[in-house]
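**Q**
Right, here's the structure in full:
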C-alpha cells in the first residue's frame, strides 16, 4: 500500500456528483458536481457551494465514476438558484423605480 | 435559422449522428453530455466555458483586494458575498466543462501556463473603492448582457449553469449601482472618485464584448451552433443603450464625445474602442496580467500540500476501512 | 422558447417566501420579536462590554478569513472560508448594534468597527495573529470555534439579556459548522502526509500560549469559564487524538486581550480595515 507519495504532482481530488432535496416531499435532484478528497468533504463542499449551507436540505453525493448511465447521461447540473443572505437578493438594493434595466 | 452544416463538415460514417445533432439544434433543443457531438462543437464549448470559468476566478482578484478595506461593515459583507459568488460561479462553470470530458485540474494548468484566456477586463487595476461600484455596474452589467442569452445556449449543462449564475448576478449589478448612488450623495471627493472610476472603466467594459464582428473568427460557428446567441457588436450596442440612461440618473458623464442618441436608428451612436489596446491586453500586455496570473499560480501551488494531504488521508482511511473489514 | 421556461420555472419558486433557500444565515432577522429594552437587573455597562468584546473577536477573525480570499488551497475552500467569514461578520454586526443600544451612546456598528483605536479593542489575542499557513488557520479556527461555540451555547441559555441570548442562539448553528469544518481539516492534515502533519502540529503549538486567556471570566463574557474550559479541552483532545497529534501545552502569554493588551498584529490589521473610512470623514457608503 502506501502509494500516496508517488503522485505528489497529481493529487487532484476526484469528481463527485451532487443531489439535493430542496424540501420535504421532493425528490433529490442532480445539481452539479464538485471535487473532494473523500465523501465527508464532498458533503461539506456540497452544502457550502450548492445550498450555501442551508440547514433544511438533504444532500447526496456520489463519486462520478460510480454512476452507471444509460446512453443519455444523467450528469445534469443546475436546476435552480440558491438565493442567499439578504444582500444577495437584488431587491435588497434600493434603486429608484425610474432607473432603467437594473 | 442557419444550419451548422455550412461550417461543420460531417465526419463520413458519422453522417446519421451529425444529422441527428443538426436536427436537435434546429429544433432549439438542448445537447446533453453524452449525446454525439461534432468535435468542433465540443472544442468550442470547452474553450468558451473554460474561459468563462477562468474569468470568474481571476475576476475575484480586482475586487477581492477591497474586502478587508471596505469602508462600512455592510459593504464589507456585500463584497465578501459577491466575491464568494464568483468562486461559486467559477465552480459551476468548471462543473459544466467537466461534463465534456475535460478535467478541472487540466483547465487550471492551462490557465496558469497561459494557454487559456480569461476576460480582458480583469487585467485592469482597481484604484479606489468607487471601482467596486463601477465594476458592479459596468462589468457585471456587461456580463449580464452576455450571459442572459447564454441561458438558451444549445449545450444543456452550460445553459443551466448560466440560469443559476444570472439569477445570482443581478444582485452584483444592483449592489454596484447602489454603492455609486450612495457615493454621489456623499462628499465632493466621493463624487470625483466615482467619475474617475467611470472614466477608467468605460472603454475596457465596451471591449469586454470582444473584437468587432468582422474580426471575431470563432463567432460564426458559435452562432450557428447556438452556443452563442448574439454577435459581439450587437451585445455591445445593447449594453450602451442600457447604460446611458443609468449614467444620466447617476449624474456621471460617460467619457465618449461621440456618444449621442440617434433617433433614426432608435439607438445610441458611440465611439470606437481602441482595439489595439484590446489586442495588447488579450495577448498578455495589460496593466495587471502578470499579477493576476502570478496570484492564481501561487495560490494553486501553495495549496498543493493541502490537497495532497487530503488525498493521502482519504487513501489511508480507505485502507483502514478495508483492513477493518478483513479483520 | 418554451424550454427556456422550463429552466426558469425550475429556477423560480425557491426565492422570496421560501425560507429553505440559502437565505438561512441572514435573511430572517434573528432579533425579530425580541424586546430590545435592557431588562431590569442587568448591568448595562457590563452587557455592553460583553457585546463589544464578542463583537471584536468576530470582526477580527472575519478580517483574517477575508485575507484568504483568492489564496485558498482549492476553489471549494474559497467558498467555505468565505461562508465562515460572513457568519462571523454577521455576528459582529449584531453584537455591535446591541452594544450601541445598551451603552447609552447610540453608536452604530460602524462607529465601533472603524472609529476605535487598537488600544480600545477587546478581542482575545488569538484572533488577531496573522493567517499563517492553512494549517495554522485551521488550528486557530478549531480552537476559536470550539471556544466560541461553548460560550454561545451557554449564553443562549443563560444570558439575562434576551437580545444577547438570541444572537448567541443564532450563532450556535453557525459555529457548530465552523468547528466541524476545522476539525475535519485538522484530522486530514494531521493524518495526511509528513509535511501536513508537521505543519498541523506547528499550527496547534502556535495557538497554545493563547489558550489560557480564553478560559477566564473576562473572556467568556458571562458564560461559566470552568464549564467552557472543560468542554473545549475535551473537544480539542478528541480532535487531536483522531488526527494523531499530541496535545499542546505552553506557558500562557502574560496579559489579557480583554483588558486591552495587544500583540503587534492588531494595529496593522485595523489600519487596513479602517483606512478608507477614516480618510473620508463625512462620506457615506
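Residue numbers (full-length UniProt numbering), protein chains in the order written: chain S, 1 to 102; chain B, 1 to 327; chain Y, 1 to 285.
We put the beta carbon where it would ideally sit given N, CA and C, even for glycine.
Everything numeric in this text was worked out from a predicted model, so none of it was measured.
Which of helix, strand or coil does DSSP assign to residue 157/Y?
**A** If DSSP states are grouped into helix, strand and coil, residue 157/Y belongs with the helices.
**Q** Taking the beta strand (DSSP E) that residue 16/S falls in, what are its first and last residues?
**A** Here the beta strand (DSSP E) through residue 16/S covers 15–21.
**Q** Does the beta carbon of residue 293/B come closer than 7 angstroms to any beta carbon on chain Y?
**A** Cβ-Cβ to chain Y under 7 angstroms: no for residue 293/B.
**Q** If you draw a straight line from the alpha carbon of residue 111/B to that of residue 45/B, how long is it in whole angstroms?
**A** C-alpha separation (whole angstroms): 16 angstroms.
**Q** Tell whether a beta-carbon distance below 7 angstroms holds between residue 100/B and residue 42/B.
**A** In this structure, residue 42/B lies closer than 7 angstroms to residue 100/B by Cβ.
**Q** Helix, strand or coil for residue 32/S? Go by DSSP, reduced to three states.
**A** The answer is strand: DSSP assigns residue 32/S an E or B state.
**Q** Out of 290/B, 105/B, 128/B, 324/B, state which residue places its alpha-carbon closest to the alpha-carbon of residue 199/B.
**A** The candidate whose alpha carbon is nearest that of residue 199/B is 128/B.
**Q** Which chain S residues sit within Cβ distance under 7 angstroms of residue 98/B?
**A** What residue 98/B touches in chain S: 15, 33.
**Q** Can you list, in chain order, the residues of the region 297–312 of chain B whose Cβ is nearer than 7 angstroms to any Cβ on chain S?
**A** The region 297–312 of chain B vs chain S, Cβ under 7 angstroms: 307, 308, 310, 311, 312.
**Q** Using C-beta distances below 7 angstroms, list every residue in its chain close to residue 274/Y, excluding the 5 sequence neighbours before and after it, in chain order.
**A** Result list for residue 274/Y: 114, in chain order.
**Q** DSSP beta-bridge partners for residue 268/B?
**A** 261/B, per the DSSP bridge assignment.
**Q** Just by C-beta distance, which residues in the region 36–50 of chain B are closer than 7 angstroms to chain Y?
**A** Residues: none.
**Q** Please classify residue 310/B: is it buried, with 16 or more other beta-carbons within 10 angstroms of its beta-carbon, or exposed?
**A** Burial call: buried.
**Q** Residue 178/Y and residue 145/Y: beta carbons closer than 7 angstroms?
**A** Their beta carbons are under 7 angstroms apart, which means residue 178/Y touches residue 145/Y by this criterion.
**Q** Consult DSSP for residue 60/S and reduce its assignment to one of helix, strand or coil.
**A** Looking at residue 60/S - three-state DSSP - the assignment turns out to be strand.
**Q** Can you give me the C-alpha to C-alpha distance between residue 183/B and residue 252/B, rounded to a whole angstrom?
**A** Roughly 12 angstroms separates the two Cα atoms.
**Q** Can you give me the Cβ contacts of residue 33/B inside the same chain, cut-off strictly under 8 angstroms, excluding the 5 residues immediately before and after it?
**A** The answer, listed in chain order, is 99, 100, 156, 157.
**Q** Entirely within the region 97–169 of chain B and at least 4 residues each: give me those alpha helix (DSSP H) ranges in chain order.
**A** Listed in chain order, the complete alpha helix (DSSP H) runs (minimum 4 residues) inside the region 97–169 of chain B are 104–112, 130–134, 140–150.
**Q** Does any residue of chain S have a CB that is nearer than 7 angstroms to the CB of residue 254/B?
**A** False, the Cβ-Cβ gap to chain S never drops below 7 angstroms.
**Q** Residues bridged to residue 31/B by DSSP?
**A** DSSP lists 155/B as partners of residue 31/B.
**Q** Using the C-alpha atoms, what's the distance from residue 66/Y back to residue 25/Y?
**A** Residue confidence for residue 25/Y is low, a pLDDT of 33 falling below 50, so the modelled location carries little weight; the figure read from the coordinates is stated next. Distance between the alpha carbons of residue 25/Y and residue 66/Y: 18 angstroms.
**Q** According to DSSP, is residue 281/Y part of a helix, a strand, or is it coil?
**A** Reduced to three states, the DSSP call for residue 281/Y is coil.
**Q** Taking just the CA atoms, how far does residue 215/B sit from residue 265/B?
**A** If I take the Cα positions, the gap works out to 24 angstroms.
**Q** Who are the near neighbours of residue 210/B in its chain, counting only those whose CB is closer than 7 angstroms to its CB and skipping five residues on each side?
**A** Only 216, 232 meet the Cβ criterion.
**Q** What number of angstroms, rounded off, separates the C-alpha of residue 22/Y from the C-alpha of residue 258/B?
**A** Any answer about residue 22/Y is weak, because its pLDDT of 29 lies below 50 and its placement is not dependable; what the coordinates show is given next. In a straight line, the C-alpha of residue 22/Y is about 45 angstroms away from that of residue 258/B.
**Q** May I ask you to list, following chain order, the residues of the region 106–130 of chain Y that have a beta carbon less than 8 angstroms from some beta carbon of chain S?
**A** From the region 106–130 of chain Y, no residue has a Cβ closer than 8 angstroms to chain S.
**Q** For residue 186/Y versus residue 239/Y, is the C-beta spacing smaller than 7 angstroms?
**A** A contact, by the Cβ cut-off of 7 angstroms.
**Q** Run through chain Y and tell me which residues come within less than 8 angstroms of residue 129/B, C-beta to C-beta.
**A** Those are 276, 285, listed as they occur along chain Y.
**Q** Would you tell me roughly how many angstroms separate the C-alpha atoms of residue 160/Y and residue 214/Y, rounded to the nearest one?
**A** Between residue 160/Y and residue 214/Y, the C-alpha separation is close to 22 angstroms.
**Q** Have a look at residue 76/S and residue 149/Y and give me their C-alpha separation to the nearest angstrom.
**A** The predicted position of residue 76/S is uncertain, since its pLDDT is 35 and thus under 50; a value taken from the coordinates is nonetheless stated next. Each residue's Cα considered, the two are about 38 angstroms apart.
**Q** Roughly how far, in whole angstroms, is the beta-carbon of residue 154/B from the beta-carbon of residue 227/B, given that I think they are within contact range, below 8 angstroms?
**A** So it is a contact: roughly 6 angstroms between Cβ atoms.
**Q** Nearest chain S C-beta to residue 246/B closer than 7 angstroms, yes or no?
**A** So, interface residue.
**Q** With a cut-off of 7 angstroms, does the C-beta of residue 241/Y fall near any C-beta of chain S?
**A** Closer than 7 angstroms: no.
**Q** Check whether the Cβ atoms of residue 206/B and residue 238/B sit closer than 7 angstroms, and answer yes or no.
**A** No.
**Q** In three-state terms, what does DSSP make of residue 81/S?
**A** Any answer about residue 81/S is weak, because its pLDDT of 31 lies below 50 and its placement is not dependable; what the coordinates show is given next. Three-state result, residue 81/S: coil.
**Q** Is it the case that the CB of residue 206/Y approaches a heavy atom of the ligand NAD more closely than 6 angstroms?
**A** The ligand NAD is not among the ligands present in this structure, which contains no ligands whatsoever.
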